[in-house]
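If you're matching positions, the sequence shown starts at -13 in my numbering and goes up one per residue.
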Amino acid sequence: MSVSIELVNKIAHLARIKIQDSELETYKDELNKILDWVSQLQEVNTDDVEPLGSVIFSELPQREDKVITTNTKDEILENAPNSKYGYYVVPQVID
């Protein structure tokens, strides 16, 4: 497959990208280089290569699932410089 200037224009239109006419040839050449590289990758023989799902074959450590107590809202609000009706009070930033 080869990319033409018309195809570059169509792709740019679909992606809502404005490309100057002077840049069309450059983008066409770059897209053709990418497609050539992909076609080279398709020629690689991978018959004896085992699929790789992850580079790390170990499981993530898991912590024990147990119930713990956490701070209550009132304990957290004790750290606030200013609170009212159970909420933080902050200076107004928008008029």
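Positions of the beta carbon are idealized from the N, C-alpha and C atoms, including for glycine.
Just so you know, these numbers come straight off a predicted model, no measurement behind them.
Review point. With contact counted as at least three CB pairs below 8 Å, one residue from each stretch, are the region 16 to 29 and the region -12 to -1 in contact?
Key: yes
Exercise for review: Let me know if Tyr13 comes out buried or exposed under the rule of 16 or more other beta-carbons within 10 Å of its beta-carbon.
Suggested key: That one is buried.
**Study point:** DSSP-derived helix/strand/coil call for Lys70
**Key:** Three-state DSSP puts Lys70 in a strand.
Practice item. Can you give me the start and stop residues for the alpha helix (DSSP H) that Leu63 sits inside? Key: Lys59 to Leu63
Check your understanding: Is Gln28 helix, strand or coil by DSSP?
Key -> helix
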